[in-house]
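Residue numbers (numbering that gives the first Met the number 0), protein chains in the order written: chain A, 0 to 253; chain B, 0 to 51; chain C, 0 to 223. Inspection log for the structure reproduced underneath, given as structure tokens.
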Amino acid sequence: MNKIWNYIKDWFIEMGSPPLFFKWSSKILPWLLFISITVFIVGLLWGLFYSPTDYKQGDVYRIIYIHVPSAILGQSIFMFMAICGFITMVWRVKISGMLLKSAAPIGASFTLIALLTGSIWGKPTWGTWWVWDARLTSTLILFFIYAAIIGLHSSIDDKTKADRAISILSLVGIAIIPIIKKSVDWWQTLHQPSTFSLTSAPSMTPDMYQPLLLCFLGFYLIFALLLTMNLRAEVVIREKNRSWVSKQFLNLER
Amino acid sequence: MIEQISTIISMDGNGLYVWSCLFILFFIIGINIYLPNRKLNRIYKENKTKAQ
Amino acid sequence: MKSNIYNWFFLILRRDLLMAFRRSSTYITPLIFFLIVISFFPIALSPDQDFLRSLAPGVIWIAALLSSLLAIETIFSEDFRDGTLDEFFISNDPSFVLVFAKVLCHWLVTGFPILLASLISSLILYLPVSSLLPMICSLILGTFFMSLLGAIGAALSLGKSAILSAIIVLPFSIPTLLMGTAAVSSAIDYQDYSGFLLIMGAMLAIGVPGLCLLTVEAILLNYE
């Protein structure tokens with residue numbers, strides 16, 4: 000058992016060594032680009048044009064195909080970052096720190112998309128751009144935490160040190176985000192009885208539900224694509240004085 | 000045909016909201032695709048000039 | 000071995016407290032800051048009694064959070080600059096204890112004066128007497144948790160600007176803020192507030208070991 004575990008660990012560390020990672024990611028990048036953009040566009044087209052109109056909200060509900068996947072992605076990217084942070088802290092794997100660093104701006108972007116589209120959705124349905132609803136509030140705080148992580152990383156010059164610093168912060172974050180979510184819920188019940196909820200739309204029919212699932216898949220694939228691109232840039236920047244960069248990178252690219 | 004397209008675009012007067020959401024989505028994803036590629040390009044050029 | 004740890008703990012606590020009390024600004028500044036922030040709210044918003052009473056829990060809590068973070072970056076930075084922190088980490092004694100002693104000292108120096116000041120501000124903001132007990136209890140638990148969180152922010156931004164540690168720490172302080180204000184405002188409405196205090200206590204119980212260990216890791220980053 001221990002042998003298998005060590006084997007798996009070694010394999011990951013080997014695959015994560017910067018030159019090797021750059022090599023195999025160059026191979027899969029075109030495929031990832033093609034598949035992710037196809038699924039993304041097909042899911043959005045299906046949701047925005049072919050799914051039936053909601054009888055209560057009209058066509059505005061179609062924002063759900065953008066809003067909900069990006070909100071879920073914003074949270075799951077944080078989970079991913081916490082896992083990377085744990086690996087960085089315990090095993091000091093170099094690549095997981097870089098993964099953590101390159102996932103942070105993507106997570107912040109998707110959380111920002113969720114906030115902006117949510118507020119645009121709120122205008123026709125609730126009448127205001129912003130409501131201090133439990134979910135909106137906790138998403139806003141999630142965005143602030145992403146901003147704190149990005150700010151901390153950019154303030155430390157030594158990048159491997161910065162990676163470990165944000166891995167500590169992401170571990171604190173993953174412990175405290177569930178508490179924030181729960182406490183915001185309680186705060187809601189204390190201050191105002193549930194007035195709005197995003198799920199007030201009638202239970203979804205399959206033909207609204209299927210494009211949403213495809214959108215989820217498309218958004219996750221787009222995340223994988225963006226993460227690979229960011230990580231490649233990060234790896235090359237960190238190792239720009241190494242010989243493999245001038246050898247492989249210049250031959251592989253363009 | 001043109002009427003059909005315009006009904007799809009307007010979406011019962013809600014089109015502005017949906018299309019602006021789509022615009023935001025593509026804009027932010029576009030930034031995320033552009034920035035790492037710009038970094039890669041810069042290092043590529045640096046190394047090119049160093050090699051020459 | 001056991002007595003060693005206690006000796007070590009009390010030695011550091013005593014040293015830090017002595018150093019704090021020799022310079023009166025360390026415990027006076029947060030106190031004055033707290034009172035100034037509190038007095039700005041009636042001036043800026045409205046001196047109306049009922050209005051201020053409904054606002055009071057939030058105002059007191061925001062002022063307490065800000066003033067407990069006011070001097071947080073000094074918790075490690077001076078020892079870091081003059082090399083005392085190096086000596087602590089070189090010695091064989093557990094650094095976990097060191098961090099906990101420093102946090103406790105910071106709380107005694109800033110959190111405790113804030114507790115006293117909150118009693119005065121409850122008069123200014125017309126808080127009913129029935130809500131004093133939950134206010135004090137929640138402030139004890141909450142400001143201690145804030146000192147713990149502030150320690151990790153200070154350790155991560157050692158040698159950087161002070162505003163960075165505030166930006167790191169403030170988003171994480173939301174649950175404390177929510178629970179604290181909820182406890183006080185439910186006491187104003189004569190409702191049961193014990194649940195909020197219990198949650199804050201639970202957060203503190205998890206926070207003491209967890210955050211102290213992560214703070215040790217964060218300080219060690221500066222010695223590589």
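All C-beta atoms in this analysis are idealised placements derived from N, C-alpha and C, irrespective of residue type, glycine included.
Taking a cut-off of 8 Å for Cβ pairs, the region 12 to 25 of chain A and the region 94 to 107 of chain A touch, as three or more such pairs fall below it. The beta carbons of A113 (chain A) and S69 (chain A) sit closer together than 7 Å. For T204 (chain A), the number of other beta carbons within 10 angstroms of its own is below 16, and it is reported as exposed. DSSP lists A:G57 as the bridge partner or partners of D53 (chain A). Along the region 108 to 129 of chain A, going in chain order, the ones with a CB nearer than 9 Å to a CB of chain B are S108, F109, L111, I112, L115, T116, I119, W120, K122, P123. Positions of the alpha helix (DSSP H) runs, each at least 4 residues long and wholly inside the region 133 to 191 of chain C, are given as 161 to 168, 173 to 187 in order along the chain. Listed along the chain, the chain C residues whose CB falls inside 8 Å of the CB of M88 (chain A) are E216. A contact between stretches requires three or more CB pairs, one per stretch, nearer than 8 Å, and the region 177 to 193 of chain C fails this requirement with the region 163 to 177 of chain A. Within the model, the alpha-carbon separation for L126 (chain C) versus S120 (chain C) is close to 9 Å. Each residue's CA atom was taken as its position, placing K122 (chain A) and Y60 (chain A) some 12 Å apart. If you draw a 10 Å sphere on the C-beta of P177 (chain A), you find fewer than 16 other C-beta atoms in it, and that means exposed. Of A:V244, A:R241, A:Y219, A:W120, the smallest CA-CA separation from L32 (chain A) is found for A:Y219.
Counting C-beta pairs closer than 8 Å gives fewer than three between the region 90 to 107 of chain C and the region 50 to 61 of chain C, which falls short of the contact rule.
With a beta-carbon spacing of about 12 Å, G46 (chain A) and L216 (chain A) fall beyond the 8 Å limit used to define contacts. If you look at A50 (chain B), you'll find it in the alpha helix (DSSP H) that goes 14 to 50. By the Cβ test, the region 151 to 161 of chain C is not in contact with the region 180 to 189 of chain C, since fewer than three Cβ pairs between them sit closer than 8 Å. A straight-line Cα-Cα distance of about 14 Å links G141 (chain C) and S182 (chain A). Contact annotation: the region 32 to 48 of chain B does not touch the region 76 to 91 of chain A, with fewer than three C-beta pairs closer than 8 Å.
DSSP, reduced to helix, strand and coil, places L224 (chain A) within a helical segment of the structure shown. One thing to note: Y145 (chain A) has its Cβ no nearer than 7 Å to the Cβ of A102 (chain A).
Unbroken alpha helix (DSSP H) stretches of 4 residues or longer found wholly inside the region 107 to 188 of chain A: 133 to 154, given in chain order. Taken in chain order, the unbroken stretches of alpha helix (DSSP H) that lie wholly in the region 17 to 57 of chain C and span 4 residues or more are 24 to 43. Under the three-state reduction of DSSP, G84 (chain A) is assigned to helix.
Sorting B:I32, B:K47, B:K49 by C-alpha distance to the C-alpha of T227 (chain A) places B:I32 at the top. No Cβ of chain A is located within less than 7 Å of the beta carbon of M145 (chain C). For F87 (chain C), the uninterrupted alpha helix (DSSP H) segment begins and ends at 83 to 89. Residue environment for S50 (chain A): buried (at least 16 other C-beta atoms within 10 angstroms of its C-beta). Rounded to the nearest whole angstrom, the CA to CA distance from Y16 (chain B) to I34 (chain A) is 28 Å. Shown here for R231 (chain A): same chain residues with a beta carbon closer than 7 Å to its own, the five before and five after excluded, namely F21, S24 in chain order.
The contact set of I151 (chain C) on chain A, defined by CB atoms closer than 9 Å, consists of I167, L168, V171 in chain order. DSSP places L219 (chain C) in the uninterrupted alpha helix (DSSP H) bounded by 193 to 219. Across the structure, P35 (chain B) and I166 (chain C) are spaced so that their CA atoms are roughly 26 Å apart. When 7 Å is used as the limit between beta carbons, P170 (chain C) is near these residues of chain A: I140, F143, I144, A147, in chain order. Within 10 angstroms of the beta-carbon of N229 (chain A) lie 16 or more other beta-carbons, which makes it buried. When secondary structure is reduced to three states using DSSP, N240 (chain A) falls in the coil class, being assigned neither helix nor strand. Apart from the 5 residues on each side of it in sequence, N221 (chain C) sits with its Cβ closer than 6 Å to the Cβ of L157 in its chain, given in chain order.
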